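Chemist: Take this structure first; my questions come after.
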Amino acid sequence: MNEKESALYLKEEKINKLMLKFSIPCIMSLLVSSLYNIVDQIFIGNSELSALGNAATGVVFPVFIIAQAFAWCFGDGCAAYLNICQGRNDTEGAHRAIGSSITLSFLLGVLMVIVIFPFKVPILTLFGASENTIGYSVEYLNVVLPMIPVFILCNMMNSCIRADGSPTFAMGAVLLGAVINIILDPVFIFAFKMGMTGAALATVIGQAATFIMTVIYFIRPKSFKLTKKSFIPSKRDTLAIVKLGISTFFTQLAIVLVAVLCNVQMAKYGALSKYGADIPIAIIGIESKIFTLVINLVVGIALGCQPIIGYNMGAARYDRVKELYRKIMVCTLIIGLSVTLLFELAPDFVIGLFGAPTNVPNPENYWEFGEKTLRIFLSLITISCIVKMNSIFFQAAGKPAKALVASMVRDVLCFIPLIFILPAISPSVELLLFAAPLSDLIAMIVTANLSISFVRSISK
């Protein structure tokens with residue numbers, strides 16, 4: 013299919029068929045990407061490292077989120093920019109935008125390594141590491157940190173591959189790394205007795221495989237051609253990319269801030285309860301991975317449809333944009349309600365996937381807090397999914413202001429203040445769990461108004 017035929021395909025093909033073609037590979041890519049940390053945590057939780065090992069990976073998790081903030085800012089912004097230009101038949105600057113994004117993503121990854129490595133102990137302590145988990149956390153970080161530039165490039169370039177009309181290839185690249193990770197985890201952790209180092213090694217080897225496959229695609233992409241000049245950052249194109257990707261960037265940073273402050277508050281008030289400091293940190297670490305997995309299902313649908321949304325916005329086919337919005341919303345509701353049912357009816361089963369606690373006092377407290385977390389903290393995850401879906405949709409439609417508001421309202425404007433306000437009312441670690449559903453309710457009101465405004469604007 014040449015570039016002209018590809019454009020007509022996005023403009024005229026049935027929406028249902030386009031959604032299946034573009035969203036399924038994107039969903040698989042994001043789910044497989046989520047498996048990197050989840051698989052590590054499952055194998056660690058079922059090894060002698062147990063709950064403390066799980067707590068340690070939860071402490072390191074914000075480092076990956078910061079890296080994803082840079083990767084997805086340039087990746088999603090570049091992808092949206094490319095697709096909108098295609099819809100307008102504007103091919104100028106596409107290769108420079110992608111080349112600039114690759115260069116800046118790599119440099120930011122190197123900067124992260126330089127900044128974090130000398131201060132890893134205080135940073136991990138700030139992220140919630142205790143005297144029981146700091147050793148495990150440092151051991152894991154020492155292996156994964158040098159590969160952060162590669163991790164950022166993988167995620168950034170994967171977004172561009174999807175936007176270039178090759179979602180299946182993007183999925184295959186991520187799947188290759190995940191399969192390698194899944195194979196090597198039990199070998200390194202159980203057979204070679206390498207503990208946290210083994211789990212981290214399995215992760216970075218998988219990432220390296222994904223990176224190699226991604227680079228191979230960029231040798232012969234479909235709709236752009238990279239030259240040496242492409243990699244010299246262009247101010248005009250970089251600003252356009254950052255404008256479209258800034259909501260994703262701030263969303264990821266908000267997730268980091270939420271994770272860090274949540275860990276601090278959980279440890280502080282957990283220490284005053286029968287659970288202690290380490291059990292709440294371990295459970296919240298598991299919750300964050302589960303939450304990310306569910307959200308990625310929704311993001312996969314919306315992000316997979318990004319080329320269709322961007323092209324039809326650029327081509328002024330607003331009837332198709334509205335149809336896409338309705339159908340993505342229905343899919344989001346189905347996913348959110350299904351997982352809510354699972355968390356409410358079988359929380360122990362979900363927590364049990366990550367192993368039984370063997371190195372914490374009173375293991376029954378671990379199961380009790382895990383059950384409460386899934387049933388309370390994630391009780392309104394359907395709303396979280398709707399808010400995130402709208403943020404991605406606004407970004408793909410070239411509405412960065414709406415995307416930024418939708419992405420910030422839940423975590424920054426609501427959740428962070430609530431995790432300080434609620435314990436001020438009553439110093440209880442259980443009360444902290446209600447910060448999430450209360451934030452979801454407020455965010456839903458704001459997002460509903462943004463959605464109505466958007467639909468009305470394109471209807472005119």
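Sequential numbering of the sequence shown, starting at 13, is according to the numbering used here.
Cβ coordinates follow ideal geometry from the N, Cα and C atoms, glycine included.
Owing to the predicted nature of the structure, the values given are computational and were not obtained by experimental measurement.
1) Classify Glu151 as buried or exposed, calling it buried when 16 or more other Cβ atoms lie within 10 Å of its own Cβ.
2) Given 8 Å as the limit, is there contact between the region 26-39 and the region 302-317, that is, 3 or more CB pairs closer than that?
3) On a CA-only basis, which of Lys240, Phe355, Gly207 is nearest Ile298? Give me that one, please.
4) Give the single residue among Ala413, Ile433, Ile437, Gly57 whose Cα lies nearest to the Cα of Phe261.
5) Within 10 angstroms of its Cβ, does Leu157 collect 16 or more other Cβ (buried), or is it exposed?
6) Quick check on Pro319: does DSSP put it in helix, strand or coil?
7) Do you know how far the Cα of Gly288 is from the Cα of Thr226?
8) Output yes or no for whether 8 Å exceeds the beta carbon distance between Ala266 and Pro74.
9) DSSP three-state label for Pro37, please.
10) With 16 other CB atoms within 10 Å as the buried threshold, where does Gly210 fall?
11) Between the beta-carbon of Ser112 and the beta-carbon of Pro245, is there less than 8 Å?
12) Would you grab the beta carbon distance between Ile258 and Met278 for me? Rounded to a whole angstrom, and I think it's under 8 Å.
13) From Gly282 to Cys274, what distance separates their C-alpha atoms?
14) Taking the alpha carbon of Ile50 as the point to measure from, which residue in Ile194, Thr180, Met183 has its own alpha carbon closest?
15) Can the beta-carbon of Asp290 be found closer than 8 Å to that of Leu61?
16) Can you list, in chain order, the residues of its chain whose CB lies under 7 Å from that of Phe86, leaving out five sequence neighbours each side?
17) DSSP three-state label for Ile244, please.
18) Assuming Pro179 is part of the alpha helix (DSSP H), what are its boundary residues?
19) When you compare the CB positions of Arg433 and Gly70, do they come within less than 8 Å of one another, or not?
20) Helix, strand or coil for Ser235 per DSSP?
21) Can the beta-carbon of Ile78 be found less than 8 Å from the beta-carbon of Val268?
22) Under the assumption that Ala448 contacts Leu390 (Cβ atoms under 8 Å), give the Cβ distance between them as a whole number of angstroms.
23) Does the Cβ of Ile164 have 16 or more other Cβ atoms within 10 Å, making it buried, or fewer, making it exposed?
24) Thinking Asp497 and Ile404 are a contact (beta carbons under 8 Å), I'd like their distance in whole angstroms, please.
25) Just list the beta strand (DSSP E) runs in the region 88-159, keeping only unbroken ones of 3 residues or longer that don't cross its boundaries, in chain order.
26) Determine the closest residue to Pro319 out of Val362, Ile302, Ala91, Val399, with distance taken between C-alpha atoms.
27) In the DSSP assignment, find the alpha helix (DSSP H) that holds Ser397 and state where it starts and stops.
28) Could you give the C-beta distance for Ile393 and Val458, rounded to a whole number, given that I count them as a contact under 8 Å?
29) Comparing C-alpha positions only, which one of Arg248, Ser142, Val399 sits nearest to Ile340?
30) Could you tell me the boundaries of the alpha helix (DSSP H) in which Asn374 lies?
31) Go ahead and pull the three-state DSSP assignment for Ala83.
32) Count the other CB atoms within 10 Å of the CB of Leu353; is the residue buried (16 or more) or exposed (fewer)?
Modeler: Straight from the coordinates:
1) Burial check for Glu151: the Cβ neighbour count within 10 Å reaches 16 or more, so the residue is buried.
2) As far as the Cβ criterion goes, the region 26-39 touches the region 302-317, which means the pair count is three or higher.
3) Looking at the Cα atoms, Phe355 is the closest of the given residues.
4) Comparing Cα positions, the closest option is Ala413.
5) With 16 or more neighbouring CB atoms inside 10 Å of its own CB, Leu157 falls in the buried class.
6) Residue state, collapsed to three classes: helix.
7) Straight-line Cα distance between these residues: approximately 44 Å.
8) Cβ distance not < 8 Å, so Ala266 and Pro74 don't count as in contact.
9) Three-state result, Pro37: helix.
10) The residue is buried, with at least 16 neighbouring Cβ atoms inside 10 Å.
11) Here Ser112 is near Pro245, since their CB atoms are less than 8 Å apart.
12) A Cβ-Cβ distance of about 30 Å is found for the pair Ile258 and Met278, leaving them out of contact under the 8 Å criterion.
13) Cα-Cα distance, rounded: 11 Å.
14) Comparing Cα-Cα distances from Ile50 to each of Ile194, Thr180, Met183, the minimum goes to Ile194.
15) It is not a contact, given that the beta carbons lie outside the stated cut-off.
16) Counting only Cβ-Cβ distances below 7 Å, and skipping sequence neighbours, we find Ser113, Leu116, Ser117, Met168, Ile253, Gly257.
17) If DSSP states are grouped into helix, strand and coil, Ile244 belongs with coil.
18) Counting along the chain, the unbroken alpha helix (DSSP H) around Pro179 starts and ends at 179-198.
19) Residue identity differs from the one stated: residue 433 is Ile in this sequence, not Arg. In this structure, Gly70 does not lie closer than 8 Å to Ile433 by Cβ.
20) In this structure, Ser235 counts as coil in the three-state DSSP scheme.
21) Result yes, Cβ atoms of Ile78 and Val268 sit closer than 8 Å.
22) Between Ala448 and Leu390 a beta carbon distance of about 7 Å is seen, short of the 8 Å cut, so the two are scored as contacting.
23) Buried: at least 16 other Cβ atoms inside 10 Å.
24) Residue 497 falls outside the range modelled here, since the chain spans only 13 to 472, and no answer is possible.
25) If we require 3 residues or more, the region 88-159 turns out to have no beta strand (DSSP E) run fully inside it.
26) Closest by alpha carbon: Ala91.
27) A small correction: the amino acid at residue 397 is Cys; Ser does not occupy that position in the sequence shown. Counting along the chain, the alpha helix (DSSP H) containing Cys397 begins and ends at 393-408.
28) The pair is not a contact, with the Cβ atoms about 17 Å apart (cut-off 8 Å).
29) Of the candidates Arg248, Ser142, Val399, the one whose C-alpha sits nearest the C-alpha of Ile340 is Val399.
30) Here Asn374 belongs to no alpha helix (DSSP H), and DSSP marks it neither H nor E.
31) The three-state reading of DSSP puts Ala83 in helix, counting H, G and I together.
32) In the assembly as shown, Leu353 is an exposed residue. Its beta-carbon has fewer than 16 other beta-carbons within 10 Å.
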